[in-house]
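Using our numbering, the first residue of the sequence shown is number 127, and each one after it goes up by one.
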Amino acid sequence: MKVLLIKDVKALGKTGEVKEVKDGYGKNFLIGKGFAKHATTEVIEQWKIDQQIIKDILEAEIKEANEIKEKIDSFKFTVKHRVGANGHLIGSVTNKELQQVMYSQAEIAIDKKQITLKSKIKTIGIFEADCKLGNGIHAIAKIDVIAEV
127 MKVLLIKDVK
137 ALGKTGEVKE
147 VKDGYGKNFL
157 IGKGFAKHAT
167 TEVIEQWKID
177 QQIIKDILEA
187 EIKEANEIKE
197 KIDSFKFTVK
207 HRVGANGHLI
217 GSVTNKELQQ
227 VMYSQAEIAI
237 DKKQITLKSK
247 IKTIGIFEAD
257 CKLGNGIHAI
267 AKIDVIAEV
């Protein structure tokens, strides 16, 4: 019996491979547990179409992430924050605040969980934040913290 592996199977093969196996192993274990499908021409063609769709979606996500990365890397964000008498910020600049600033100043919509600060921003100055955009793509946002007047 020929099966199309839809998950990696140790000692048999990787996802997408067509393998010849014994009927009982194929029907009872591989197909029964959801590791494979019976390898008909229709199933193989549908699997190829599905893989192409997944590849196209991934390429679109990578392209979008790279566009956002270029936008973030080329932009300097300005955050106005209240300052105490000693020159330190009252409170600190948060990820949510950075998310809102990125959207209002450059129309960049990312989740606050994607923004990572190396340390808390509690003083006036220029800082950097790492923005994880998915698919291994990172951007460094330059943040200028100034006193609110």
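Just so it is clear, CB atoms sit at the ideal spot from N, CA and C, and this is done for glycine as well.
For residue i, three-class secondary structure by DSSP
i	result
Lys-202	strand
Asp-134	coil
Lys-248	strand
Gly-139	strand
Segment limits, beta strand (DSSP E) that includes residue i
i	result
Lys-238	No beta strand (DSSP E) holds Lys-238; DSSP gives it neither H nor E.
Ala-265	263-273
Ala-165	No beta strand (DSSP E) contains Ala-165, which DSSP labels as neither H nor E.
Leu-156	Leu-156 -> no beta strand (DSSP E), and no H or E assigned at all.
Ser-218	214-219
Glu-324	Given that the chain is displayed from residue 127 to residue 275, the structure contains no residue 324 and the question cannot be resolved.
Lys-258	251-260
Residue i burial status per 10 Å Cβ neighbour count (16 or more: buried)
i	result
Gly-70	With the chain covering only 127 through 275, there is no way to say anything about residue 70.
Ile-241	buried
Leu-305	The question about residue 305 has no answer, for the chain in this structure spans 127 to 275.
Ile-272	exposed
Ala-162	buried
Ile-234	buried
Chain-order list of residues whose beta-carbon lies under 7 Å from that of residue i (same chain, five-residue window excluded)
i	result
Lys-195	Leu-259, Ile-263 and Ala-265
Lys-248	His-214, Leu-215 and Ser-218
Of the listed residues the options, nearest to residue i (C-alpha basis)
i	options	result
Asn-192	Asp-270, Gln-225, Val-227 and Cys-257	Cys-257
Lys-181	Asn-261, Glu-274, Ala-273 and Leu-243	Asn-261
Asp-199	Gly-142, Glu-274 and Ala-255	Ala-255
Gln-225	Lys-238, Gln-231 and Ala-232	Lys-238
Phe-201	Val-135, Met-228 and Thr-166	Met-228
Gln-177	Lys-244, Ile-236 and Leu-131	Leu-131
Spatial neighbours of residue i in its chain, beta-carbon cut-off 6 Å, leaving aside the 5 residues before and after
i	result
Ile-252	Asp-270
Asn-212	none
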